[in-house]
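If you want the working numbering, it's the 1-based position in the sequence shown plus 1. C-beta atoms are modelled at their ideal positions from N, C-alpha and C, and glycine is treated no differently.
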Amino acid sequence: MAKIYAIDDESSIRRLIKMIMEEQNHEVTTFATAEEGLKAIEEESPDLLFTDLGLPEMNGIELIKIVEERLYSFPIVVVSEITVADVIIEAFKHGICDFITKPFTPTELIESFEKCYISTETLSKKKKEVISLIEAGGNLRASKLVSKLFANFPNSPVPHYLFALLAFSWNKELARRHLNAALALDPDYEEAKELLGKIGSGDEN
2 MAKIYAIDDE
12 SSIRRLIKMI
22 MEEQNHEVTT
32 FATAEEGLKA
42 IEEESPDLLF
52 TDLGLPEMNG
62 IELIKIVEER
72 LYSFPIVVVS
82 EITVADVIIE
92 AFKHGICDFI
102 TKPFTPTELI
112 ESFEKCYIST
122 ETLSKKKKEV
132 ISLIEAGGNL
142 RASKLVSKLF
152 ANFPNSPVPH
162 YLFALLAFSW
172 NKELARRHLN
182 AALALDPDYE
192 EAKELLGKIG
202 SGDEN
C-alpha cells in the first residue's frame, strides 16, 4: 500500500483520484491548494504525489520547484488540462515523472502510478539489497544484480553508483568513470559526489 497525496482545486477530480487509487488499496489524502499539500509534505512525505498545475495562489509549477529545491525524493505525476508545450517541458525539467491530461481514465491514472511509483520502489529496494551484499562481501551476487539494474533502469544514475561501490576497492579509475556517468545523469546525486570525493582524495575510509 502506498501513501498518495493528490492536489487539485476541483473537488470532483480529488474525489475521482481518491476513489480510483483507494480501489487499488492505497491510502489517499487530498488537498485543494498547493499550500495545504506542501504543509502535509513537510510533516510527512508521500510515496507519490498527483498534482494539478492550474492551482489558486501557488501554482503547480511553483510547488514542483519547491519539492525539487528541498530534495524530496517521491515521484510527482501532473494531472492537468493545461497542454501548452512549454509548461509541460518546464514541469519535466523540474523532475516530474509523468503528465496526464484531463479528462483521464482510471487506467491512465493506475498505469502512471505503476510506472512512477513501482519502478521507483523497486529500484530503491534493489539499491539497499546491493549495498547490503557489498557490505557482507557478496560481491558476485551484487554484481549480477547491478547488471540487471543497468538493463532495467538505463536512464538512472543508481546502477552506475552501485557499480562504482563494487569497483571502489579494486579499480578506482573504473569507479570514477561510473561515478562521472551517474553525475552526468543526475548532477545533484550526493552519494556519487561523496564517493567521487573519496576517490579523488585517496580516502578509502
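task = Less than 8 Å between the CB atoms is what I'm expecting for L197 and R178, so what's the real figure, rounded?
result = On the sequence shown, residue 197 is found 196 positions in, with the first residue counted as 1. On the sequence shown, residue 178 is found 177 positions in, with the first residue counted as 1. That belief does not hold up - the Cβ atoms of L197 and R178 are roughly 10 Å apart, past 8 Å.
### Query
In terms of alpha-carbon separation, which member of G38, L49 and I89 lies closest to G28?
Residue mapping note: residue 28 aligns to position 27 of the sequence shown, counting from 1. Sequence check: residue 28 is Glu here, not Gly. Per the Cα distances, L49.
Relative to the C-alpha of E122, which candidate in N140, S74 and L141 has its C-alpha closest?
Your numbering for residue 122 matches position 121 in the sequence shown. Here the closest residue by C-alpha is S74.
Next on the checklist: Quick check on this structure: which residue in T108, E11, K127 and I89 has the alpha carbon closest to the alpha carbon of F100?
Outcome noted: In the sequence shown, residue 100 corresponds to position 99, counting from 1. Nearest option by C-alpha distance: I89.
*Nearest-angstrom Cα distance between C98 and G138?*
For the purposes of this step, residue 98 is taken as residue 97 along the sequence shown, with counting starting at 1. For the purposes of this step, residue 138 is taken as residue 137 along the sequence shown, with counting starting at 1. So the alpha carbons of these two residues sit roughly 35 Å apart.
field: Limits of the beta strand (DSSP E) - the one that E28 falls within
entry: Looking up residue 28 in the sequence shown gives position 27. E28 to F32 is the span of the beta strand (DSSP E), which, as asked, contains E28.
Residue burial classification, T84 (beta-carbon count within 10 angstroms, cutoff 16): Reading the sequence shown from its first residue, position 83 is the one you call residue 84. With fewer than 16 other Cβ atoms within 10 Å, it is exposed.
Check: G55 and V79: beta carbons closer than 8 Å?
Finding: By 1-based counting over the sequence shown, the position of residue 55 is 54. By 1-based counting over the sequence shown, the position of residue 79 is 78. For G55 and V79, no; Cβs fall outside 8 Å.
For K4, which three-state DSSP category applies?
-> Working through the sequence shown from its first residue, we reach residue 4 at position 3. Three-state result, K4: strand.
For C1, collect the residues of the same chain with a Cβ closer than 7 Å to its Cβ; drop the 5 residues on either side in sequence, then sort them by chain order. In the structure displayed, the chain extends from 2 to 206; residue 1 sits before or after that span and is not available.
Between F154, T52 and G96, which has its C-alpha nearest E69's C-alpha? Taking the sequence shown and counting its residues from 1, one reaches residue 69 at position 68. Minimum Cα distance to E69 is reached at G96.
Helix or strand or just coil, what does DSSP make of V79?
Sequence index remark: in the sequence shown, residue 79 carries index 78 (1-based). The answer is strand: DSSP assigns V79 an E or B state.
query = If you follow the beta strand (DSSP E) that I101 is part of, which residue opens it and which one closes it?
reply = Residue 101 sits at position 100 when you count from the first residue of the sequence shown. That run of the beta strand (DSSP E) goes D99 to T102.
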